[in-house]
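Everything on this sheet refers to the single structure shown next.
Right under this line is the structure:
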């Protein structure tokens, strides 16, 4: 297995800061906006965005986590079933501007499932998508992100790995992982 | 991820403690779904489930049907009273006819112990045992343990007494297996005629005095006297049974601790439980019913993922 560093921790910090400023351009004081991180790996991105916005604006943007397992379209089609994670959304999204947050956008199927799952919590005014990494030319569905950290060209056999300090390693890094040919 | 170790849920005896934990964790998520404004997920939308009930049921059948509908499965219902079983068709023929209509899962209740096990050897569809005679009722045991876990935080280390007609109760046997696998201490309590002769070999304590049993336990699971399964007299009269084994609020309040009171339903008020006990704050009977839907959703979802 080969790992190539595509975003190091300094770059990642700048990237998150830039994404937050882009969000502020569109959402102002966030009075009508909420952040929803997609379980499992969008959760940490959402937390990071929330805490960075708090440093810049001084306000805490309502942030929830949404699990999409039961809404996925590959149930009974995958080799190994997926484990469900907790959904935690303690606010109404009816009439709100929702920012869906995930680490990597690949086929777009999780985002499709997330939009389906999200509708159970009300009808949002509009929905945007923020991702750290957009893997180009790999979409199965017509889904495009509103805010992108970095666009990456990658092979189908490769994988993008986002590591956060504390949970996985000592520092934040984004890697492109290539599995060795057998 | 974790998967169940089995393709069918025939009994608690056949599954592992890890399976039970997986079902509980999945049920936690489904319980969350059930508390949302829109209580439905599309997971099983391409699956057809037949509820085949050869024996009467209200709660279990409604609970399964609701669980199936909340998962977006297509549901067909069958009860023996209005079917060709009355015309002499065998169990296997009946089920094979249902499967010929492209059904993926069977939820079955039958009066003969082992009926779902027999079926599982002959058909391909996933089978969920919704009660087979006096043998097992696995989803009831799962929801009972799930309710204990919800109320007390954990099942391990808790003392649970099952009171009443142990001899005719599939709920009792499944509960014993489930509670032991989860690390609880189990006691059975009832008149000597209603306790199976070799029940001690399952590693449970036996007590004949209901007051001592209540003083020992953290949780009391009270069963109904199943008069419909009794071909002979096991005790002189219901009145006498109530006198010795009926639980009322006064008994609960005389204990120097809080215990949790459970009942799988249907309750015979005034026989095994007085009304004031059944409606007291000790009782989690309606929580059990609520949790039943989440547990059955979890079981169906996890079995459906095993192709």
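Chains as they are written, first to last, in the working numbering: chain A, 48 to 229; chain B, 748 to 1054.
Ideal Cβ positions, reconstructed from N, Cα and C, are used throughout, including at glycine.
In this text, all values refer to a predicted model and were calculated from it rather than measured experimentally.
Taking only beta-carbon positions, decide if residue i is within less than 8 Å of chain B.
| i | result |
| --- | --- |
| residue 128/A | yes |
| residue 133/A | yes |
| residue 137/A | no |
| residue 118/A | yes |
DSSP has residue i in a bridge; who is on the other side?
| i | result |
| --- | --- |
| residue 84/A | 112/A and 148/A |
| residue 205/A | 225/A |
| residue 895/B | In the DSSP output, where bridge partners are listed per residue, residue 895/B has none listed. |
| residue 212/A | 216/A |
| residue 194/A | 177/A |
| residue 852/B | 796/B and 873/B |
| residue 816/B | In DSSP, residue 816/B forms no bridge with anything. |
| residue 182/A | 199/A |
| residue 73/A | DSSP output for residue 73/A lists no bridge partner at all. |
| residue 1030/B | 1008/B |
| residue 1016/B | 1020/B |
| residue 1045/B | DSSP lists no partner for residue 1045/B. |
Going by beta carbon distance, what residues of the same chain come within less than 6 Å of residue i, once the five residues before and after it are set aside?
| i | result |
| --- | --- |
| residue 132/A | 86, 87 and 114 |
| residue 225/A | 49 and 205 |
| residue 211/A | 91 and 219 |
| residue 175/A | 146 and 193 |
| residue 815/B | 796 and 822 |
| residue 902/B | 892, 895, 896, 929 and 931 |
| residue 181/A | 152, 192, 195 and 198 |
| residue 908/B | 934, 936, 960, 964 and 967 |
| residue 854/B | 798, 811, 875 and 877 |
| residue 208/A | 222 and 224 |
| residue 1008/B | 967, 1029 and 1030 |
At a CB-CB cut-off below 9 Å, which residues of chain B make contact with residue i?
| i | result |
| --- | --- |
| residue 77/A | In chain order: nothing, as chain B lies at least about 24 Å away. |
| residue 157/A | Within chain B, no residue comes near residue 157/A; the closest Cβ sits about 15 Å away, beyond 9 Å. |
| residue 167/A | 780, 783, 784, 785, 786, 787 and 788 |
Applying a beta-carbon distance threshold of less than 8 Å, which residues of chain B neighbour residue i?
| i | result |
| --- | --- |
| residue 114/A | 776 |
Output, in chain order, the set of chain A residues within a Cβ distance shorter than 7 Å of residue i.
| i | result |
| --- | --- |
| residue 773/B | 131 |
| residue 750/B | 128 |
Does residue i come within less than 8 Å of chain A when only Cβ atoms are used?
| i | result |
| --- | --- |
| residue 783/B | yes |
| residue 933/B | no |
| residue 780/B | yes |
Would you mind telling me which residues of chain A sit closer than 8 Å to residue i, beta carbon to beta carbon, in chain order?
| i | result |
| --- | --- |
| residue 789/B | 117, 118 and 163 |
Excluding sequence positions up to five away, which residues of its chain have a Cβ less than 8 Å from the Cβ of residue i?
| i | result |
| --- | --- |
| residue 765/B | 749 and 752 |
| residue 819/B | 787, 788, 789, 790, 791 and 792 |
| residue 120/A | 156, 159 and 160 |
| residue 849/B | 795 |
| residue 862/B | 801, 838, 855, 879 and 880 |
Any Cβ of chain D within less than 8 Å of the Cβ of residue i?
| i | result |
| --- | --- |
| residue 887/B | The structure shown contains no chain D; its protein chains are A and B. |
Going by beta carbon distance, what residues of the same chain come within less than 7 Å of residue i, once the five residues before and after it are set aside?
| i | result |
| --- | --- |
| residue 1013/B | 971 |
| residue 922/B | 888, 891, 909 and 968 |
| residue 926/B | 892, 902, 907 and 933 |
| residue 164/A | 113, 115 and 118 |
| residue 143/A | 79, 80, 81, 171 and 172 |
| residue 51/A | 222 and 223 |
| residue 846/B | 870 and 872 |
Does the count of Cβ pairs from the region 929 to 948 of chain B and the region 956 to 969 of chain B closer than 8 Å reach three? yes
Would you say the region 56 to 70 of chain A touches the region 93 to 100 of chain A, given that touching needs at least three Cβ pairs under 8 Å?
yes
- Query: Okay, do the region 915 to 927 of chain B and the region 964 to 981 of chain B touch, 3+ Cβ pairs below 8 Å being the bar?
  - Reply: yes
message: Quick check: the region 800 to 814 of chain B against the region 1024 to 1035 of chain B, are at least 3 beta-carbon pairs closer than 8 Å?
response: no
| Is there contact here, the region 784 to 798 of chain B with the region 151 to 168 of chain A, by at least three beta-carbon pairs under 8 Å? | yes
Contact the region 987 to 998 of chain B vs the region 1008 to 1021 of chain B: 3+ CB pairs below 8 Å: yes
Margin query: I want to know whether the region 893 to 902 of chain B touches the region 858 to 877 of chain B - three or more CB-CB distances under 8 Å.
Written below: no
Measuring CB atoms only, is the region 1034 to 1052 of chain B touching the region 768 to 775 of chain B, in the sense that at least three cross pairs come out at less than 8 Å? yes
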